[in-house]
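Each step along the sequence shown adds one to the number in our numbering, with nothing skipped, and position 364 is 364.
Since the structure comes first, as structure tokens, the remarks are kept for the end.
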Amino acid sequence: MPATITASAVRTCFGDGPATWAALLRGDCGVAPLERATAEQVGVGSGYPIADGGPFRPSRWLADCVREALAAAGVDPRRQRVVSLVGTGLRESAEVERAALAGVVDFPAERLHFGGAVAAAAPGVERVVTLANACSAGGHALALAQDLVETGDADAVLVGGTDGSTASMLAMIGRVASRPTERVRPFDADRAGVLLGDGAAVLVVERERGDGGLARLLATGLSCDAGHETAPDPEGILRAVRDAHERAGRRPDQIDLVLAHGTGTALNDATEAHVLAEVFAGCAPGPLVTAVKGAVGHTSGGSALLSVAVAVEALRTGQVPPIAGLARPAPEAAGLRLVRGEAVRADPRVAQVDAFGFGGLNAVTLLEAVR
Numbered sequence: 001m002p003a004t005i006t007a008s009a010v011r012t013c014f015g016d017g018p019a020t021w022a023a024l025l026r027g028d029c030g031v032a033p034l035e036r037a038t039a040e041q042v043g044v045g046s047g048y049p050i051a052d053g054g055p056f057r058p059s060r061w062l063a064d065c066v067r068e069a070l071a072a073a074g075v076d077p078r079r080q081r082v083v084s085l086v087g088t089g090l091r092e093s094a095e096v097e098r099a100a101l102a103g104v105v106d107f108p109a110e111r112l113h114f115g116g117a118v119a120a121a122a123p124g125v126e127r128v129v130t131l132a133n134a135c136s137a138g139g140h141a142l143a144l145a146q147d148l149v150e151t152g153d154a155d156a157v158l159v160g161g162t163d164g165s166t167a168s169m170l171a172m173i174g175r176v177a178s179r180p181t182e183r184v185r186p187f188d189a190d191r192a193g194v195l196l197g198d199g200a201a202v203l204v205v206e207r208e209r210g211d212g213g214l215a216r217l218l219a220t221g222l223s224c225d226a227g228h229e230t231a232p233d234p235e236g237i238l239r240a241v242r243d244a245h246e247r248a249g250r251r252p253d254q255i256d257l258v259l260a261h262g263t264g265t266a267l268n269d270a271t272e273a274h275v276l277a278e279v280f281a282g283c284a285p286g287p288l289v290t291a292v293k294g295a296v297g298h299t300s301g302g303s304a305l306l307s308v309a310v311a312v313e314a315l316r317t318g319q320v321p322p323i324a325g326l327a328r329p330a331p332e333a334a335g336l337r338l339v340r341g342e343a344v345r346a347d348p349r350v351a352q353v354d355a356f357g358f359g360g361l362n363a364v365t366l367l368e369a370v371r
């Protein structure tokens with residue numbers, strides 16, 4: 001039986017799932033001054049933070065999403081075989097940084113990972129596996145979840161992704177930026193680069209059941225081109241897209257919506273636009289294209305699943321949110337049906353979700369609406 005997504009829960013700078021969806025439809029931008037670092041320290045003064053204090057923030061967001069998603073799906077790990085897969089790029093590195101600055105040398109290594117947080121939120125879960133595949137980690141986790149469900153090795157899989165801003169990542173962004181970035185502007189001619197966002201997302205994947213769930217999980221195409229530490233390789237991305245289409249048994253002209261990776265960097269957006277133009281050449285009018293990082297920032301290991309959650313809502317409701325921050329489309333994206341200004345009413349049946357990570361780690365997921 002095919003896999004289906006039966007529940008979704010997210011946390012972003014806007015709040016929970018309903019608050020985030022409403023903000024996306026309005027085209028809101030959640031950019032705000034950083035709370036845990038200054039521009040003098042890291043070279044970046046703003047981001048898309050979740051306004052809460054205390055330690056181990058990503059673990060708490062993830063645990064909240066796990067509890068919410070389990071309740072929504074009606075899944076009980078004590079009575080069913082439930083596995084959890086967590087995609088992350090940074091883990092709890094922010095706490096390691098804080099401990100080091102405080103002179104703490106015996107940081108508990110087990111707190112660096114999310115296994116304890118998931119186990120506490122989902123008593124009875126069989127195992128928790130971490131996938132550290134950079135910004136596409138959630139997409140890789142979703143591919144493995146589909147395999148586990150469709151082969152019968154699990155009744156349900158909790159697929160999570162989470163990350164919070166760290167001083168080291170902020171400093172890296174500050175060093176590589178060509179000019180100051182005030183906000184993320186995916187596919188805009190005046191885009192200046194990426195900013196980090198805090199966030200988490202959890203999806204429940206099961207075999208298709210009577211109510212059909214929220215959306216069918218058709219396939220995820222993967223590639224690892226290892227072409228460059230940070231620069232995207234169009235051939236590697238293209239392989240992941242083609243792999244997803246082939247596994248799903250769908251043609252490019254059957255794709256109605258694309259949730260682009262859309263980081264707002266000069267090279268990533270140009271490369272992604274080039275690949276999309278090649279894939280959908282001749283598919284008039286082509287799919288609608290949107291992206292969420294202009295609204296919520298780049299949530300690193302949580303970004304792929306956050307985009308999947310947004311795609312699920314678009315398929316379910318027939319509403320496609322605009323790309324926040326997109327005012328003047330870049331020339332290289334001129335041929336794409338970019339959604340800008342306001343949300344669009346549509347009837348998408350199949351959505352493609354792009355996720356590309358450092359080192360050429362690419363994951364492209366295809367979802368189908370449940371009718």
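Note that beta-carbon positions come from the ideal geometry of N, C-alpha and C, so glycine has one too.
- One Cα belongs to A266, the other to D198, and the distance between them is close to 22 Å.
- Bounds of any alpha helix (DSSP H) do not take in G152, whose DSSP letter is neither H nor E.
- Of the residues assessed, E68 falls on the buried side of the cut-off, its CB having 16 or more other CB atoms within 10 angstroms.
- Pairing L257 with P348 gives a Cβ-Cβ distance under 8 Å.
- Contact between A219 and L315 is absent: CB atoms are separated by about 15 Å, not below the 8 Å threshold.
- Taking a C-beta distance under 8 Å as the contact criterion, S300 and D163 qualify as a contact pair.
- Residue pairing of I5 in beta bridges, as defined by DSSP: V205, A215.
- Secondary structure of N268 (DSSP, three-state): helix.
- The Cβ-Cβ distance between A122 and L196 does not fall below 8 Å.
- DSSP places R67 in no beta strand (DSSP E) but in the uninterrupted alpha helix (DSSP H) bounded by 57-73.
- The three-state secondary structure of E368, taken from DSSP, is strand.
- Counted as a single uninterrupted DSSP element, the stretch harbouring T88 is not any beta strand (DSSP E), since DSSP gives it neither H nor E.
- Residue state for Q352 is assigned as strand, using DSSP reduced to three classes.
- The beta carbon of D64 is closer than 8 Å to those of A9, R11, A121, A200 in its chain, skipping five residues each way along the sequence.
- Nearest to R251 by alpha-carbon distance, out of T263, E272, A260, F280, is F280.
- Under the criterion of beta carbons closer than 8 Å, G160 and S84 qualify as touching, at roughly 7 Å.
- A residue is called buried once 16 or more other Cβ atoms fall within 10 Å of its Cβ, and P285, having fewer, is exposed.
- If only complete runs of 4 or more residues are kept, the region 77-136 shows the alpha helix (DSSP H) at 93-101, 115-121, in order along the chain.
- The region 142-152 makes no contact with the region 15-32: fewer than 3 CB pairs, one atom from each, lie closer than 8 Å.
- Excluding the 5 residues flanking it on each side, T166 has same chain C-beta neighbours closer than 7 Å at L90, S93, A94, E97, in chain order.
- Take C29, set aside five residues on each side of it, and the residues of its chain with a beta-carbon closer than 7 Å to its own are R183, G294, A295, A324, G325, in chain order.
- An exposed status is given to C283, since fewer than 16 other beta-carbon atoms sit within 10 Å of its beta-carbon.
- For the pair L217 and I5, the CB atoms are nearer than the 8 Å cut-off.
- According to DSSP, residue pairing for A226 in a beta bridge does not occur.
- Bounds of the beta strand (DSSP E) holding T290 are 288-290.
- Here Q319 has L25, E313, A343, V344, R345, A346 as same chain residues with Cβ atoms under 8 Å from its own Cβ, once five neighbours each way along the sequence are excluded.
- The beta carbon of E368 lies closer than 7 Å to those of A215, R216, L218, R349, V350 in the same chain, with the five residues before and after it left out.
- The three-state secondary structure of R185, taken from DSSP, is coil.
- Shown here, A200 sits in a strand according to DSSP, grouped into three states.
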